[in-house]
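A.B. asks: Residue numbers (our numbering), protein chains in the order written: chain E, 1 to 334; chain C, 335 to 668; chain W, 669 to 1002; chain L, 1003 to 1336.
4 protein chains.
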Amino acid sequence: MTVRFAILGAGRIGQTHARAIAATAGAKLVAIADPVAAAAQKVGKSYGCDIRTIDEIAASADVDAVAICTPTDTHADLIEQFARLGKSIFCEKPVDLSVARVSRCLEVVEQTGATLMVGFNRRFDPDFMAVKAAVDAGKVGDVEMVTIISRDPGAPPADYIKRSGGIFRDMTIHDFDVARWLLGEEVHSVMAAGSVLTDPEIGKLDDYDSVNVILQTASGRQAIISNSRRATYGYDQRIEVLGSKGMVAAGNTHESTLELADAKGYARPPLLNFFMQRYSAAYGNEIAAFIAAVADGGETPTTGRDGLMALVLAEAALASVKQGRSVLVSEILG
Amino acid sequence: MTVRFAILGAGRIGQTHARAIAATAGAKLVAIADPVAAAAQKVGKSYGCDIRTIDEIAASADVDAVAICTPTDTHADLIEQFARLGKSIFCEKPVDLSVARVSRCLEVVEQTGATLMVGFNRRFDPDFMAVKAAVDAGKVGDVEMVTIISRDPGAPPADYIKRSGGIFRDMTIHDFDVARWLLGEEVHSVMAAGSVLTDPEIGKLDDYDSVNVILQTASGRQAIISNSRRATYGYDQRIEVLGSKGMVAAGNTHESTLELADAKGYARPPLLNFFMQRYSAAYGNEIAAFIAAVADGGETPTTGRDGLMALVLAEAALASVKQGRSVLVSEILG
Amino acid sequence: MTVRFAILGAGRIGQTHARAIAATAGAKLVAIADPVAAAAQKVGKSYGCDIRTIDEIAASADVDAVAICTPTDTHADLIEQFARLGKSIFCEKPVDLSVARVSRCLEVVEQTGATLMVGFNRRFDPDFMAVKAAVDAGKVGDVEMVTIISRDPGAPPADYIKRSGGIFRDMTIHDFDVARWLLGEEVHSVMAAGSVLTDPEIGKLDDYDSVNVILQTASGRQAIISNSRRATYGYDQRIEVLGSKGMVAAGNTHESTLELADAKGYARPPLLNFFMQRYSAAYGNEIAAFIAAVADGGETPTTGRDGLMALVLAEAALASVKQGRSVLVSEILG
Amino acid sequence: MTVRFAILGAGRIGQTHARAIAATAGAKLVAIADPVAAAAQKVGKSYGCDIRTIDEIAASADVDAVAICTPTDTHADLIEQFARLGKSIFCEKPVDLSVARVSRCLEVVEQTGATLMVGFNRRFDPDFMAVKAAVDAGKVGDVEMVTIISRDPGAPPADYIKRSGGIFRDMTIHDFDVARWLLGEEVHSVMAAGSVLTDPEIGKLDDYDSVNVILQTASGRQAIISNSRRATYGYDQRIEVLGSKGMVAAGNTHESTLELADAKGYARPPLLNFFMQRYSAAYGNEIAAFIAAVADGGETPTTGRDGLMALVLAEAALASVKQGRSVLVSEILG
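1) Could you give the uninterrupted runs of the alpha helix (DSSP H) lying entirely in the stretch 1027 to 1092 of chain L, keeping only those of 4 residues or more?
2) E:Ser-150: which of E:Asn-252, E:Val-312, E:Thr-257 sits nearest, CA to CA?
3) Whose C-beta lies closer than 8 angstroms to the C-beta of W:Asp-718 among residues of the same chain, with five residues either side of it excluded?
4) If you measure between the beta carbons of C:Met-525 and E:Met-191, is that distance less than 9 angstroms?
5) Is E:Gly-154 a contact residue of the ligand HEM, with contact defined as CB to any heavy atom under 8 angstroms?
6) What does the Cβ neighbour count give for W:Ala-727, buried or exposed, with the cut at 16 atoms within 10 Å?
7) Quick check on this structure: which residue in E:Thr-24, E:Ile-7, E:Phe-82, E:Arg-84 has the alpha carbon closest to the alpha carbon of E:Arg-52?
8) Can you name the residues of chain L whose CB is closer than 8 angstroms to the CB of W:Ser-714?
9) May I ask you to list, following chain order, the residues of the stretch 844 to 867 of chain W that have a beta carbon less than 9 angstroms from some beta carbon of chain L?
10) Does any residue of chain C bring its CB to less than 9 angstroms from the CB of L:Asn-1275?
11) State the DSSP-derived secondary structure class of C:Thr-481, mapped to helix, strand or coil.
12) Tell me whether L:Arg-1006 sits in a helix, a strand or coil according to DSSP, three-state version.
13) Quick check on DSSP: helix, strand or coil for W:Tyr-934?
14) Using C-beta distances below 6 angstroms, list every residue in its chain close to C:Ser-560, excluding the 5 sequence neighbours before and after it, in chain order.
15) Taking only the alpha-carbon atoms, compute the straight-line gap between C:Arg-456 and E:Phe-82 and give it to the nearest angstrom.
16) To the nearest angstrom, how far is it from the Cα of W:Gly-694 to the Cα of W:Ile-955?
17) How would you write the range of the beta strand (DSSP E) that C:Asn-546 sits in, first residue to last?
18) Using a Cβ-Cβ cutoff of less than 8 angstroms, which residues in the same chain neighbour E:Glu-80 once the five nearest sequence positions on both sides are dropped?
19) Whose CA, out of C:Asp-461, C:Ala-356, C:Arg-497, lies closest to the CA of L:Tyr-1049?
20) By the DSSP assignment, the beta strand (DSSP E) with W:Arg-906 in it spans what residues?
21) Answer yes or no: does any C-beta atom of chain E fall closer than 9 angstroms to that of C:Lys-579?
22) Identify every run of the beta strand (DSSP E) within the stretch 428 to 489 of chain C, keeping only runs that are complete inside it and at least 3 residues long; order them along the chain.
23) Can the beta-carbon of L:Ala-1225 be found closer than 9 angstroms to that of L:Met-1173?
24) Hey, quick one: how far does the beta strand (DSSP E) through W:His-856 stretch, first residue to last?
25) Roughly how many whole angstroms lie between the Cα atoms of W:Ala-802 and E:Tyr-233?
26) Name, in chain order, the residues that DSSP records as bridge partners for E:Ala-10.
27) In the stretch 444 to 464 of chain C, which residues sit with their C-beta less than 8 angstroms from some C-beta in chain W, listed in chain order?
28) Can you pull the chain C neighbours of L:Lys-1141, defined as C-beta to C-beta under 7 angstroms?
29) Do the stretch 1283 to 1299 of chain L and the stretch 1113 to 1133 of chain L touch if we need at least three Cβ pairs shorter than 8 angstroms?
30) Give the DSSP bridge partners of C:Leu-605, in chain order.
31) Just to confirm before moving on: does the CB-CB distance between C:Ala-527 and C:Val-655 stay below 9 angstroms?
32) Since W:Gly-919 meets chain E, which of its residues come closer than 7 angstroms, beta carbon to beta carbon?
33) Please list the residues of the stretch 283 to 307 of chain E that have a C-beta atom closer than 9 angstroms to any C-beta atom in chain W, keeping them in chain order.
34) Given this structure, state the Cα-to-Cα distance separating C:Phe-458 from C:Val-465, to the nearest angstrom.
35) Ignoring anything shorter than 4 residues, give me the alpha helix (DSSP H) runs that lie fully in the stretch 1159 to 1191 of chain L, in order along the chain.
36) Quick check on the DSSP output: the beta strand (DSSP E) that includes L:Ala-1225 runs from which residue to which?
Now the structure itself:
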């Protein structure tokens, strides 16, 4: 079976998925939709697909699956619309900034039986997959502590931050998902601290740029997440799992393996700076996993519930910072 | 000036200091005291010094300085006794397990004007000193986040744990001191989570073996400390400082630089396993710094107040775990 | 201008170039030729190109350039045939196993003015390019020594070795080219030693599996090349340049950045094992460089002369092993 | 048994051994001799030993062993003198610059049955010992290739070079010994190339500053040695052994484990620059091994023959450079 795709939204991430779909055996890019005609045309021309409106796509018999790459506040409505049409749905995270809205949306998905995958690209990074495989193979024994150091090279523009739902929902959300994935047990309580250290403008938007979070499960496993919106040396992405038998870690990716030694010492280049470059293999693997799930009728590796739970942890972390206390996941989930 | 030393306590750490004093120009080991005659004799023979009781040492005109290496519950009394005698005092951490007792002891020290150094060996590790020097030289700009991953190879015996004051006062106390040193600003509030994951016996003693701590200063700088009582791969000691301009880190020390590559991959030996081996240079530097301070009449690089503040952070962390909330340093210090 | 390609030979390397051409903007794969119909059809179907014979391709007006991926003993004839037809030519190394034959072939190329690029993929590896760029930027000062450690995971089959011209012409030839590229000065003399250590069958074919070579230029710069046909830990590819101001090196590429630590120590995965995987980016960059040269009418980054000189060094090395003496390049070139 | 020592020569290396002997249980430094009174007095005062002339030491009943740290041209005579007196002898490399003179000296040693150890400090470096132990334990299978990259931070003064016997006898001699040790089979033939690249003054002394050597054993094992008298980034000391099952390597030692990351990339400090610092543990282990051999009456780990064979390889390498051919060890040994 060839999965016939339409992409909703021709922005940066839409283009990434277009490229990945075009390069994947068993998938075909049929149509692209974007209110900005030039953006849609660019994708249409590059990959030889139709340009249609979202409503036209909804009415298209030759589309099996959609990739939702539109602004966040449209995600939940689009998921519901296409779920009711029986299309398979790949949706960029987050489903919505509100836990209640996500929950309602997932109910619709459940009622319709639609296939939904929420995009958490990091689970598809080859290095992180190797960590997860080592953990699942019992190489570190029982998981005890997950350590995630995740720093962006620089903060997004103020306009983006305003609509982002804040650092926990926008940036840490990826780390919450990775932590859940690696802990192998649902999180029970959340403690977090937040500061504004890189740019006072971020504080004016009532957001943070430097946060640390401790997650704890019912059995006492812990994860620690350390985020900053600034890392001058590149996109710092480290994960580590400590267990009863040992520890496994994935390292960073530098621009090259070059090492220069001179009278000042040894120098290596900075880390890959841009998330699309750092996670280019991950984006390809992610869409391939969705295609495989649609083709086989199997479960998607990341689900609507994964999207919901990462958002719940984000809300719990924000509440912890604001209230200076440990917040239970059950307080947020209700 | 040659600083004439007596060591109180001929156990493992007393022997370490004996060796360091004997090897340091400008110092002379005059006497050793220990209730266990064999232990005292061993040191006496190895380094050619007298064996005296603590009271005899207190009465000795040929002793300028004492190194207190006795059990913790004797530290504060001995500090006060020797401070009143005008001796210079090097005391192993902690001064006492009670903040109140430490505070009273430090008042005595202050009144007598005695020189007191509390032993925080890590500040004297060459790699950690290189990190601190880089921070002080402005290499990372303004300090934003300190990350300390500190894991013991294995837990001490239950008997030791019982008298230790718990993981925060016994193990994390070193990391609290390192965090204070590197943050460059006093800690304002503490959040911590604790679990029992490596050995249920530790839980029966009402202690934890796996803890994570977030420290925050008034200006928003943060430090994160991750501790475990078990690391199968050796004594894991990593520190990292993120600042506005960059990041600086000290790495671990392996048993050797050997790397073996075969069909299974690349293999390096475990980390140095024993704290005395890992910090052997640090112990030498530490006692040399004390000797220099006594000889010059200058300030000691680690002070009674450093001992007090690390203990305060330990109490705050314990309160945070117990109460599930952020605890202010001022709540503990009073 | 779009460069319209035909590929001669649909084997492993022909398929690699087909994929690269199909993925490169400004190039179009028009036809594939292979005496094995199934092989040609596979490429034809995957990339939607015609299947033609070599003679049909020679007669095709819609072909601007050919990639010669046929057996080595056909390369020189095909280069001459297509050079006379005015086609641009990309040819896999080596042009021929005989220096005299290569020289005659290059004369034809020169007379016809045809564009010829000989494929030395390593010059297009991003890490090696970073080394070259650092050298060219003067980061190491004047080049003094080039060190190349290059080991194959395992030997090719006896049948392949028989037709290969021996290890120097088949395997070391890549390192000779890299050495010339990095030395920045033509080689003057060659010393080499050869052994049979991994498989006595290789010795029966009068070949070696373990060789070391020292190259020296007129000004005294030296390069050292160390080859083995066996490296259990993967495809070992290291280069290093020492100069008056410092040293620059490119490291190996492991299967992932994963590091596992347990009671046995720290373990990383083996190196990428397969040359197509290790140099996948290089193959893409290489064909893109050829396309750019054809489109712009400029010089190709690797030339027929590069192919010739690497072969000359191979012959000199072989003579050095056989005769136990330093061999001058001028002895071979005539 | 306590081994009672006299040291002949109070220069840099004599002081190093004095310190090591003083710190080793089972050894006692009795006397020091040096024609420069101040040098002898410094050692005498630091370690509380007598100052005697060499002849007085020869006549001393309270001396069991001597460490010969005098200029090279006195070594052979002193070895013979003390061998005839029945003293145990530790002698710094080389025994002499002439193979014939060394051979005669070793005959005297053999006749007298004296214990002689020639100082090759690198065999006692903990990291190199770990490599050797891995090889001996069969971790890499059958040894095939030894790779030694050994670069001094800078050339010694012209005066030193004049009397040194040239780079092969002075610097490479250490690598020859390490190669013999790791190859596990005697060297059969030598090829070498030499250049003057770092300082034309070295060329005026008819010496080289940049050399590469290929050693081959009868069974075809090979070692490659790459030397330079200049490495701006510190004292570069790498060894690697490739075998049928894998590869083992020892890495360099940096000034600290510090890594600094900023917008320019990742930076580590240079390598330890000074051989006494780099090999400080080796010097201690070396003298301890000698003391153990003397005390136990066993064989020394490095012998007079080791000293001879390293010198033979040096002469063979020099002949190879001068004559542009492979030189057999048997040509030099006679």
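In this text, a Cβ means the ideal position worked out from N, Cα and C, and glycines have one as well.
C.D. replies: Taking the structure as given:
1) Fully enclosed alpha helix (DSSP H) runs of no fewer than 4 residues occupy 1039 to 1049, 1056 to 1060, 1077 to 1086 of the stretch 1027 to 1092 of chain L, in order along the chain.
2) Working through the first sequence from its first residue, we reach residue 150 of chain E at position 150. Closest by alpha carbon: E:Asn-252.
3) To locate residue 718 of chain W, count along the third sequence from 1; it is residue 50. Cβ contact annotation for W:Asp-718 (same chain, cutoff 8 angstroms, sequence separation greater than five): Val-698, Ala-699, Ile-700, Gly-712, in chain order.
4) Stepping through the second sequence from its first residue, residue 525 of chain C is reached at position 191. Stepping through the first sequence from its first residue, residue 191 of chain E is reached at position 191. Yes, the Cβ-Cβ distance between C:Met-525 and E:Met-191 is below 9 angstroms.
5) This structure lacks the ligand HEM; in fact it carries no ligand of any kind.
6) Position 59 of the third sequence, counted from the first residue, corresponds to residue 727 of chain W. Exposed, because fewer than 16 other Cβ atoms sit within 10 Å of the Cβ of W:Ala-727.
7) Working through the first sequence from its first residue, we reach residue 52 of chain E at position 52. Taking only the C-alpha atoms, the option nearest E:Arg-52 is E:Ile-7.
8) As a working mapping, residue 714 of chain W is identified with position 46 in the third sequence. Going along chain L, no residue has its Cβ under 8 angstroms from W:Ser-714, so there is no contact; the nearest lies around 38 angstroms.
9) Answer in chain order: Ser-857, Met-859, Ala-860, Ala-861, Gly-862, Ser-863, Val-864, Leu-865, Thr-866.
10) If you number the fourth sequence from 1, residue 1275 of chain L lands on position 273. Taking 9 angstroms as the CB threshold, L:Asn-1275 stays off the interface with chain C.
11) What you label residue 481 of chain C is simply residue 147 of the second sequence in a count that begins at 1. If DSSP states are grouped into helix, strand and coil, C:Thr-481 belongs with the strands.
12) Counting from 1 along the fourth sequence, the entry for residue 1006 of chain L is found at position 4. Looking at L:Arg-1006 - three-state DSSP - the assignment turns out to be strand.
13) On the third sequence, position 266 is the one that residue 934 of chain W refers to. W:Tyr-934: strand per DSSP, three-state reduction.
14) By 1-based counting over the second sequence, the position of residue 560 of chain C is 226. Sequence-distant partners of C:Ser-560 (beyond 5 residues in either direction) whose C-beta falls short of 6 angstroms from its own C-beta, in its chain, are Ile-483, Asn-546.
15) For the purposes of this step, residue 456 of chain C is taken as residue 122 along the second sequence, with counting starting at 1. For the purposes of this step, residue 82 of chain E is taken as residue 82 along the first sequence, with counting starting at 1. Rounded to whole angstroms, C:Arg-456 to E:Phe-82 spans 60 angstroms at the Cα level.
16) In the third sequence, the residue the question calls residue 694 of chain W occupies position 26. In the third sequence, the residue the question calls residue 955 of chain W occupies position 287. Going from the Cα of W:Gly-694 to the Cα of W:Ile-955 covers about 11 angstroms.
17) Indexing the second sequence from 1 puts residue 546 of chain C at position 212. First-last of the beta strand (DSSP E) with C:Asn-546: 544 to 551.
18) Here the question's residue 80 of chain E lines up with position 80 in the first sequence. Once the five neighbours on either side are set aside, the close Cβ partners of E:Glu-80 are Cys-105, Val-108, Val-109.
19) By one-based count along the fourth sequence, residue 1049 of chain L stands at place 47. When each option's Cα is compared against that of L:Tyr-1049, the closest is C:Ala-356.
20) Within the third sequence, residue 906 of chain W is the residue found at index 238, counting from 1. Boundaries of the beta strand (DSSP E) harbouring W:Arg-906: 904 to 911, taken from the DSSP string.
21) Indexing the second sequence from 1 puts residue 579 of chain C at position 245. At least one chain E Cβ lies under 9 angstroms of C:Lys-579.
22) Given a length threshold of 3 residues, each whole run of the beta strand (DSSP E) inside the stretch 428 to 489 of chain C is given here in chain order: 450 to 453, 477 to 485.
23) The count along the fourth sequence starts at 1 and reaches residue 1225 of chain L at position 223. The count along the fourth sequence starts at 1 and reaches residue 1173 of chain L at position 171. Going by C-beta atoms, L:Ala-1225 is not nearer than 9 angstroms to L:Met-1173.
24) Numbered from its first residue, the third sequence carries residue 856 of chain W at position 188. Residues 855 to 863.
25) Start at 1 with the first residue of the third sequence, and residue 802 of chain W comes out as number 134. Start at 1 with the first residue of the first sequence, and residue 233 of chain E comes out as number 233. One C-alpha to the other measures close to 19 angstroms.
26) The sequence position of residue 10 of chain E within the first sequence is 10, counting from 1. DSSP, once it has assigned bridges, lists no residue as partnering E:Ala-10.
27) Taking 8 angstroms as the Cβ-Cβ cut-off against chain W, none of the residues of the stretch 444 to 464 of chain C qualify.
28) Taking the fourth sequence and counting its residues from 1, one reaches residue 1141 of chain L at position 139. Within 7 angstroms Cβ-Cβ: Leu-594.
29) Contact between the stretch 1283 to 1299 of chain L and the stretch 1113 to 1133 of chain L is present, with at least three C-beta pairs closer than 8 angstroms.
30) On the second sequence, residue 605 of chain C is found 271 positions in, with the first residue counted as 1. For C:Leu-605, which the question treats as bridged, DSSP gives the partners C:His-588.
31) Position 193 of the second sequence, counting from 1, holds the residue named residue 527 of chain C. Position 321 of the second sequence, counting from 1, holds the residue named residue 655 of chain C. Cβ atoms of C:Ala-527 and C:Val-655: closer than 9 angstroms.
32) What you label residue 919 of chain W is simply residue 251 of the third sequence in a count that begins at 1. Chain E residues near W:Gly-919: Thr-257, Glu-259.
33) Of all residues in the stretch 283 to 307 of chain E, none has a Cβ within less than 9 angstroms of some Cβ in chain W.
34) In the second sequence, counting from the first residue as 1, residue 458 of chain C sits at position 124. In the second sequence, counting from the first residue as 1, residue 465 of chain C sits at position 131. Distance between the alpha carbons of C:Phe-458 and C:Val-465: 11 angstroms.
35) For the stretch 1159 to 1191 of chain L, whole alpha helix (DSSP H) runs of length 4 or above, ordered along the chain, are 1160 to 1166, 1175 to 1185.
36) As a position in the fourth sequence, residue 1225 of chain L is number 223, starting the count at 1. Unbroken beta strand (DSSP E) run through L:Ala-1225: 1224 to 1230.
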